[in-house]
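Enquirer: Counting with our numbering, you get residues 39 to 365 for the letters of the sequence shown.
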Amino acid sequence: MTIEVVPQDLVASRFAISPLIETMHAQWVLAGRYRAGAHREWAARWRETYRGLVRRYPVLRAAAAISGNKGADNVDFIAPPPTAVDVPFEAELAAMRATPPEQAHAEITRVLAERPPAAGWVRDLLLGPDVVELFAQAYAAVWTEIIVHDWPRFRAVLQRDVAQRAGRLAAYGWQAALEDLGPGVHWRAGGRIEIGAAPAGRVHRLGGKGLLFLPSAFMGDIAAYLDDAWPYALIYPARGIAAPPPAPEGGLAALIGRSRARLLAELAEPATTTQLAALLGRSPGTTSEHLTALRRTGLISGTRVGRGVLYTRTPLGDALVNGYSSA
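#1: Sorted by chain position, which residues of the same chain lie with C-beta nearer than 7 Å to V258's C-beta, five sequence neighbours on each side aside?
#2: Output the boundary residues of the alpha helix (DSSP H) element that contains F251.
#3: Output the distance between the C-alpha atoms of I273 and A299, rounded to the nearest integer angstrom.
#4: What residues in its chain sit with their C-beta under 6 Å from that of I41, if we drop five residues either side in the sequence?
#5: What does E232 pair with, by DSSP beta-bridge criteria?
#6: Rounded to whole angstroms, what's the CA-CA distance from W212 to F53? Just pull it up for me.
#7: On the criterion of 16 or more Cβ atoms from any shown chain inside 10 Å, does W84 qualify as buried, or is it exposed?
#8: Just to confirm the assignment, what range does the alpha helix (DSSP H) spanning Y88 have?
#9: Taking just the CA atoms, how far does E128 sit from A136?
#10: Output yes or no for whether 9 Å exceeds the beta carbon distance between A215 and L207.
#11: Which of helix, strand or coil does DSSP assign to Q45?
#12: On the criterion of 16 or more Cβ atoms from any shown chain inside 10 Å, does R296 qualify as buried, or is it exposed?
#13: How many Å lie between A50 and G229 at the Cα?
#14: Decide if the segment 314-323 is in contact with the segment 111-118; the criterion is three or more beta carbon pairs, one per stretch, under 8 Å apart.
#15: Assuming G246 and I233 are in contact, meaning their beta carbons sit under 8 Å apart, how far apart are those beta carbons, in whole angstroms?
#16: Please tell me whether I184 has its Cβ less than 9 Å away from any Cβ of chain D.
#17: In its own chain, which residues sit with a C-beta less than 8 Å from the C-beta of P118, not counting the 5 before and 5 after it?
#18: Cα-Cα, which of A179, Q141 and I184 is closest to W80?
#19: Can you find the residues in the same chain that come closer than 7 Å, C-beta to C-beta, to A281, ignoring five residues on each side of it along the sequence?
#20: Which class does T341 belong to by DSSP, given the choice of helix, strand or coil?
#21: Considering only the alpha carbon of each residue, which of G278, F173, P155 and A271 lies closest to H77?
#22: Would a C-beta distance cut-off of 9 Å place V169 and H143 closer than the cut-off?
Following this line, the structure appears as structure tokens:
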């Protein structure tokens, strides 16, 4: 498909993080419908808990008929688009719960008509009067019993991606922001974004409304939402999920200590103290002490952004890490 943009779309585009959408994506992975990839160990650790939730909430199994089907139409109401950069899960769940039953039934009916026939119990459940509440309860359970335990780490990865890519978009334009978004995404001269093959007739014009960019910790492919029920949006794999820094064994760890070596390796991309603490499983206080030491020795630098400080490696830090990596 092809997306045509005009200059106003650059200003109107925004980035956001959606814990509810990420809960939905995680559910697809836990159900075995999407490849776990870098989350194999995480999925294995939580799969038995998830199976227990499926027994308690059959709608999680029925969801496969209307959600997460590649190359097919899917319902929108179970994961409404986020309205801000970092909306709390509870606020998104409330927005989902506010879906009128007739809207949910209309979306479900449309999708079921385009899919292979669903089992009778699935149709009865999905077209029942309480389907919105059933989904809300099920996703709330997946969130509270599984996702929330690792959300600080996932959220830190998503925040770093948003900060970097939004900065690229604002400073350098579309091509810089779309670079490495995914193997099938390309910027073309004249104001066109191409996603995969672009057959004739599949052209979407933003018309100054911009794009909503949603990084995902669980999706391995690009997903485009280009209908009127949503803001035009691209969901894409977040940077850093599949490529954690190497374990700092050997010389570098011996030189500056294992914890500081891990921080230095992680700071190939900018991050705040809170993000680094979440990514590495350390307390913010301990992380701050190590960052102060690295900063005093000239290996990292910090830039104040709003209320926080964004740290990154200096050329000296890069040289130290690269020198020991190639040794």
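Glycine residues also receive a C-beta, built at the ideal position from the N, C-alpha and C atoms.
Expert: On the basis of the supplied data:
#1: The sequence given here has Gly at residue 258, not Val. Shown here for G258: same chain residues with a beta carbon closer than 7 Å to its own, the five before and five after excluded, namely R73, G75 and P275 in chain order.
#2: Here F251 belongs to no alpha helix (DSSP H); instead the beta strand (DSSP E) covers L250 to S254.
#3: About 33 Å.
#4: Close CB contacts of I41 within its chain, under the 6 Å cut and outside five residues either way in sequence, are with I231 and H242 (chain order).
#5: Per DSSP, T40 and H224.
#6: Inter-residue distance for W212 and F53 is about 13 Å (C-alpha atoms, whole angstroms).
#7: Classification of W84: buried, given that the 10 Å Cβ count is 16 or more.
#8: Here the alpha helix (DSSP H) through Y88 covers R78 to R94.
#9: Their Cα atoms are separated by approximately 12 Å.
#10: Taking 9 Å as the Cβ cut-off, A215 and L207 qualify as a contacting pair.
#11: According to the sequence provided, residue 45 is Pro. The question's Gln does not apply to it. P45 falls in the helix class under three-state DSSP.
#12: Classification of R296: exposed, given that the 10 Å Cβ count is below 16.
#13: Cα-Cα distance, rounded: 15 Å.
#14: The segment 314-323 vs the segment 111-118: no contact.
#15: Approximately 20 Å separates the beta-carbon atoms of G246 and I233; this is outside 8 Å, ruling out the contact.
#16: No chain D is present in this structure, which holds just one protein chain.
#17: Only L58, E130, A133, M134 and T137 meet the Cβ criterion.
#18: Each of A179, Q141 and I184 was checked against the Cα of W80, and the nearest Cα belongs to I184.
#19: Summary for A281: the model assigns pLDDT 48, below 50, so the residue's position carries little reliability, and this model does not support an answer.
#20: Note: T341 maps to strand in three-state DSSP.
#21: Per the Cα distances, G278.
#22: Between V169 and H143, the gap from beta carbon to beta carbon is short of 9 Å.
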